[in-house]
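>
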Amino acid sequence: MRILIVEDDRDLAAALDDALRFEGYATRVAYNGLEAVRMLAEQSIDIVLLDRDLPIMSGDAVMETIASNDIPVSVLMLTAAAQVRDRINGLELGADDYLIKPFAYPELLARIRALHAVPVRATSPAPNSHTTASSSTRSVTP
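Residue numbers for the sequence shown follow the working numbering, so the first one is 6 and each next one is one higher.
1. Start and end of the beta strand (DSSP E) containing Leu81?
2. In terms of alpha-carbon separation, which member of Ala72, Ile117, His121, Glu40 lies closest to Leu83?
3. Just curious, the beta strand (DSSP E) that Ile10 is in, first and last residue?
4. Alpha carbon to alpha carbon, how far is Arg15 from Val67?
5. Measure from the alpha carbon of Asp51 to the alpha carbon of each residue in Ser63, Leu113, Tyr110, Ile76, then state which is nearest.
6. With a threshold of 6 angstroms on Cβ separation, who are the neighbours of Ala20 within its own chain once the five nearest residues in sequence on each side are excluded?
7. For Asp22, which residues of its own chain have a beta-carbon under 7 angstroms away from its beta-carbon, when the five flanking residues on both sides are left out?
8. Are Leu54 and Ile8 touching if we call contact CB-CB under 8 angstroms?
9. Given a threshold of 16 other Cβ atoms within 10 Å of its Cβ, counted over all protein chains shown, does Glu97 qualify as buried or as exposed?
10. When the Cα of Asn74 is compared with those of Phe27, Met6, Phe108, Leu45, which residue comes out closest?
11. Going along the chain, which unbroken runs of the beta strand (DSSP E) with 3 or more residues stay wholly within the region 17 to 71?
12. Can you tell me whether DSSP reads Asp91 as helix, strand or coil?
Here is the structure:
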């Protein structure tokens, strides 16, 4: 399973990267929202761990980009925005799950496993369109 960690706190990003690699996951790290969108356009990712408070492009804008471009990926918002309204807003933006920092690492792993068990939202072809083999690069509009 391929996980994209989108986190501007370099220490936390490195800790997550190391821990998830130890668990056997293939990981990539983006330190800002624009970098995350570029990575999503360039490669297939199964799960995005998405911070909301990011430089250059917010996590909310990344989530909106994922949703508006029908990128087939599960998103777990992993953020300090802890108010009920924040959680509702993140889920309404299209996140599949929401975990508040600080978090317990075993809970994060359980949520990743749960997201992996659920089919990823898939894009559907337009009526009467022909399906072609997909390339490894997607066009994504931020």
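Quick reminder that beta carbons are idealized off the backbone N, C-alpha and C, glycines included.
A quick look at the data gives this:
1. If you look at Leu81, you'll find it in the beta strand (DSSP E) that goes 79 to 84.
2. For Leu83, the nearest C-alpha among the options comes from Ile117.
3. Under the DSSP assignment, Ile10 falls in the beta strand (DSSP E) whose first and last residues are 7 to 11.
4. Straight through space, the alpha carbons of Val67 and Arg15 are spaced by roughly 19 angstroms.
5. Of Ser63, Leu113, Tyr110, Ile76, the smallest CA-CA separation from Asp51 is found for Ile76.
6. Cβ within range, chain order: n/a, list empty.
7. Once the five neighbours on either side are set aside, the close Cβ partners of Asp22 are Ile10, Thr32, Val34.
8. Yes; because the gap between Cβ atoms is below 8 angstroms, this pair is in contact.
9. Glu97 should be labelled exposed.
10. Checking every option, the nearest Cα to that of Asn74 belongs to Leu45.
11. For the region 17 to 71, whole beta strand (DSSP E) runs of length 3 or above, ordered along the chain, are 31 to 35, 52 to 55.
12. Of the three classes helix, strand and coil, the one that applies to Asp91 here is helix, per DSSP.
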